[in-house]
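Have a look at the structure below before the remarks.
Number of protein chains: 2
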Amino acid sequence: MTDVTFAFDDNEYLPAVAQDAESGEVLMLAYVTEAALEKTRETGYAHYYSRSRDELWKKGGTSGHTQEIEEIRVDCDGDALLYRIDQSGGACHTGYESCFYRTLDGEDVGEKVFDPDDVY
Amino acid sequence: MTDVTFAFDDNEYLPAVAQDAESGEVLMLAYVTEAALEKTRETGYAHYYSRSRDELWKKGGTSGHTQEIEEIRVDCDGDALLYRIDQSGGACHTGYESCFYRTLDGEDVGEKVFDPDDVY
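Going down the list, the protein sequences come from chains A and B.
One point on numbering: in the numbering used here, the residue at position 102 of the first sequence is 102, and numbering is uninterrupted.
If you want the numbering used here, it's the 1-based position in the second sequence plus 1000.
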């Protein structure tokens, strides 16, 4: 499908980082399988693979907070992906724009963009 | 050490995304152990754990291309880290600023910032 060789891990997953293509904000990290990546390319919307639920899922399938793909990049050794996306609503189920809304010391540095009670 | 609970994976790793704190560029994805994370906090410079070499390493230990930590963030479910850093030289051993220098179709979209032959 491309000239790029992927190095899926022992479970056939690759980590994918979602980044807001405009602001540069890192929004989330999730995993893809080959099928999830293929679905992402076919549809133009980010799909991932839930390791806990053991299923392919479309980001925003429930919340409507989809991620339209601007570009997908792969790293030097083919074992990580970067989804550069246009995020509808917020990426985090907590209502924050980004899942990375806390520092290591627990300080809240994120922006809340929706109320999860209204969405889920 | 903090109020944040980490969800290390079965191998006791967490993925860590390194992002240029100023430009927002996503530079690389690597893994940390608890010891690597602790070393990062102690020293203020990014440390990772090499799964292939099975050892803790300081980014830039060989190349001098260190990553000074501006802030460390953790995601909502504690299973991924974001290192917001000040990158010396380039993050990628290929000479590119970012390891994510190619699109999925193999197009080169990165900026070359050093010659690896001069460094390694």
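Don't be surprised by glycine CBs; every beta carbon is placed ideally from N, CA and C.
**Q.** Integer Cβ distance of A35 (chain A) from L56 (chain A), believed to fall under 8 Å
**A.** Within the first sequence, residue 35 (chain A) is the residue found at index 35, counting from 1. Within the first sequence, residue 56 (chain A) is the residue found at index 56, counting from 1. Right, their Cβ atoms sit about 6 Å apart.
Q. Is D86 (chain A) helix, strand or coil when you go by DSSP?
A. Looking up residue 86 (chain A) in the first sequence gives position 86. D86 (chain A) carries a strand assignment under DSSP once its states are collapsed to helix, strand and coil.
Q) Under 8 Å between the Cβ atoms of A30 (chain A) and Y48 (chain A)? A) Residue numbering aside, residue 30 (chain A) sits at position 30 when the first sequence is read from its first letter. Residue numbering aside, residue 48 (chain A) sits at position 48 when the first sequence is read from its first letter. It is a contact, given that the beta carbons lie within the stated cut-off.
**Q.** Bounding residues of the beta strand (DSSP E) (the contiguous stretch that carries A121 (chain A))
**A.** Here chain A covers residues 1 to 120 and nothing more, so residue 121 (chain A) does not appear.
Q) How many angstroms separate the CA atom of C1099 (chain B) from the CA atom of F114 (chain A)? A) Here residue 1099 (chain B) corresponds to residue number 99 of the second sequence, with the count starting at 1. Here residue 114 (chain A) corresponds to residue number 114 of the first sequence, with the count starting at 1. Whole-angstrom Cα-Cα distance: 33 Å.
Q: Please name the residue in B:G1110, B:D1105 and B:G1090 whose C-alpha comes closest to that of Y1120 (chain B).
A: By one-based count along the second sequence, residue 1120 (chain B) stands at place 120. Minimum Cα distance to Y1120 (chain B) is reached at B:G1090.
**Q.** Own chain, CB closer than 8 Å to V17 (chain A), minus 5 neighbours either side, in chain order
**A.** As a working note, residue 17 (chain A) is residue 17 in the first sequence. Cβ neighbours of V17 (chain A) within its own chain (closer than 8 Å, five residues either side excluded): V26, M28, L29, A80, L81, L82 and Y83.
Q) What are the residues of the segment 1047 to 1081 of chain B that lie near chain E, defined by any Cβ-Cβ distance shorter than 7 Å? A) Looking at the structure shown, chain E is missing, and the protein chains on hand are A and B.
Q) Taking 8 Å as the CB-CB limit, is V1017 (chain B) close to chain A? A) To locate residue 1017 (chain B), count along the second sequence from 1; it is residue 17. Put simply, the CB of V1017 (chain B) is near chain A, with a gap under 8 Å to one of its CB atoms.
Q.
Using a Cβ-Cβ cutoff of 9 Å, what residues of the segment 89 to 102 of chain A are near chain B? List them in chain order.
A. So the close ones are C92, H93, T94, Y96, S98, C99, F100, Y101 and R102.
Q: With distances taken Cα to Cα, identify the nearest neighbour of H1093 (chain B) among B:E1111, B:D1010 and B:E1071.
A: Locating residue 1093 (chain B) in the second sequence gives position 93, where the first residue counts as 1. For H1093 (chain B), the closest of B:E1111, B:D1010 and B:E1071 by C-alpha to C-alpha distance is B:E1111.
(Q) With distance defined between alpha-carbon atoms, name the residue in A:T33, A:T62 and A:E68 nearest to A46 (chain A). (A) Within the first sequence, the letter at position 46 stands for residue 46 (chain A). Minimum Cα distance to A46 (chain A) is reached at A:E68.
Q.
Which of the three DSSP states is assigned to V1109 (chain B) in this structure?
A. Residue mapping note: residue 1109 (chain B) aligns to position 109 of the second sequence, counting from 1. Coil, per DSSP.
Q) Using DSSP with H/G/I as helix, E/B as strand and the rest coil, what is F100 (chain A)? A) Residue 100 (chain A) sits at position 100 when you count from the first residue of the first sequence. When secondary structure is reduced to three states using DSSP, F100 (chain A) falls in the coil class, being assigned neither helix nor strand.
Q. Should V1004 (chain B) and G1078 (chain B) be called a contact, given that it needs their Cβ atoms to be closer than 8 Å?
A. Taking the first residue of the second sequence as 1, we reach residue 1004 (chain B) at position 4. Taking the first residue of the second sequence as 1, we reach residue 1078 (chain B) at position 78. Their beta carbons are under 8 Å apart, which means V1004 (chain B) touches G1078 (chain B) by this criterion.
**Q.** Rounded straight-line distance, which links the Cα of T103 (chain A) to that of T1040 (chain B)
**A.** Locating residue 1040 (chain B) in the second sequence gives position 40, where the first residue counts as 1. Locating residue 103 (chain A) in the first sequence gives position 103, where the first residue counts as 1. One C-alpha to the other measures close to 14 Å.
Q. Who are the neighbours of G1044 (chain B) on chain A, taking C-beta pairs under 8 Å?
A. Position 44 of the second sequence, counting from 1, holds the residue named residue 1044 (chain B). Per Cβ cutoff of 8 Å: no residues; G1044 (chain B) is ~13 Å from chain A at best.
Q) Along chain B, in chain order, which residues have C-beta atoms closer than 7 Å to that of V4 (chain A)? A) Locating residue 4 (chain A) in the first sequence gives position 4, where the first residue counts as 1. One finds R1102, L1104 and G1106 in chain B with Cβ atoms closer than 7 Å to the Cβ of V4 (chain A), taken in chain order.
(Q) Could you give the first and the last residue of the continuous beta strand (DSSP E) run that contains D1117 (chain B)? (A) Here residue 1117 (chain B) is taken as the residue at index 117 of the second sequence, counted from 1. According to the DSSP assignment, D1117 (chain B) belongs to no beta strand (DSSP E) but to the alpha helix (DSSP H) extending over P1116 to V1119.
Q) Which chain A residues sit within Cβ distance under 9 Å of V1113 (chain B)? A) In the second sequence, the residue the question calls residue 1113 (chain B) occupies position 113. Within chain A, no residue comes near V1113 (chain B); the closest Cβ sits about 14 Å away, beyond 9 Å.
**Q.** For V1074 (chain B): DSSP bridge partner residues
**A.** The sequence position of residue 1074 (chain B) within the second sequence is 74, counting from 1. Note: V1074 (chain B) sits in a beta bridge opposite A:R102 and B:L1081.
Q) Can you give the beta carbon distance from E1070 (chain B) to D1086 (chain B), rounded, assuming they're within the 8 Å contact cut? A) Residue 1070 (chain B) sits at position 70 when you count from the first residue of the second sequence. Residue 1086 (chain B) sits at position 86 when you count from the first residue of the second sequence. With a Cβ gap of about 6 Å, E1070 (chain B) and D1086 (chain B) count as contacting.
Q.
Only counting the same chain, and skipping five residues up and downstream in sequence, which positions put a Cβ closer than 7 Å to that of P1116 (chain B)?
A. One-based indexing of the second sequence puts residue 1116 (chain B) at position 116. Only H1093, T1094 and G1095 meet the Cβ criterion.
(Q) Rounding to the nearest angstrom, what Cα-Cα distance links V1109 (chain B) and S50 (chain A) in this structure? (A) Position 109 of the second sequence, counted from the start, is the residue given in the question as residue 1109 (chain B). Position 50 of the first sequence, counted from the start, is the residue given in the question as residue 50 (chain A). Roughly 29 Å between the two C-alpha positions.
Q: Quick one: residues in its chain with C-beta nearer than 7 Å to the C-beta of M1001 (chain B), no 5 flanking neighbours on either side, listed in chain order?
A: Start at 1 with the first residue of the second sequence, and residue 1001 (chain B) comes out as number 1. Since pLDDT at M1001 (chain B) reaches only 42, below the 50 mark, its modelled position is unreliable, and the value read off the structure follows with that caveat. There are no such residues.
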